[in-house]
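Down below is the structure, laid out as structure tokens.
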Amino acid sequence: MNDQERITDLLLTEKKMSSNCDIFASECVNTQLRDAFLGIARSGHDTQTALFNEAQSRGWYSTTPADGTQINQAYQKFSAMNC
Numbered sequence: 010m011n012d013q014e015r016i017t018d019l020l021l022t023e024k025k026m027s028s029n030c031d032i033f034a035s036e037c038v039n040t041q042l043r044d045a046f047l048g049i050a051r052s053g054h055d056t057q058t059a060l061f062n063e064a065q066s067r068g069w070y071s072t073t074p075a076d077g078t079q080i081n082q083a084y085q086k087f088s089a090m091n092c
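In terms of the numbering used here, the sequence shown is residues 10 to 92.
Right under this line is the structure:
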């Protein structure tokens with residue numbers, strides 16, 4: 010496994026783990042346990058950011074900046090969903 014595959018695998022794993030922690034926290038009755046899951050999720054999000062930045066700096070994860078029209082369309086779409 011090369012570095013790109015390793016970082017991609019780690020990033021996907023962190024995304025899944027953070028998603029699970031978010032779900033567990035939202036369904037948790039015990040406040041201390043919920044706070045623990047939220048802390049783990051926060052840590053996972055930080056790790057995701059670091060992995061994303063590393064992959065992007067190596068040219069393995071490129072993004073295209075959105076123009077104003079695309080931003081407004083996304084805003085209107087999600088505003089209508091009452092998120």
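Where a beta carbon is used, it is the ideal one built from N, C-alpha and C, also for glycine.
DSSP places Asn39 in no alpha helix (DSSP H); its state is neither H nor E. At the C-beta level, Ala59 and Asp31 stay beyond 8 Å of one another. A distance below 6 Å between beta-carbons, with the five flanking residues on each side excluded, links Trp69 to the following residues of its chain, in chain order: Gln13. For Gly77, the enclosing alpha helix (DSSP H) stretches over residues 77 to 89. Contact holds between the region 13 to 22 and the region 64 to 79, because three or more Cβ pairs, one in each stretch, are under 8 Å apart. Around the beta-carbon of Leu21, fewer than 16 other beta-carbon atoms lie within 10 Å, marking it exposed.
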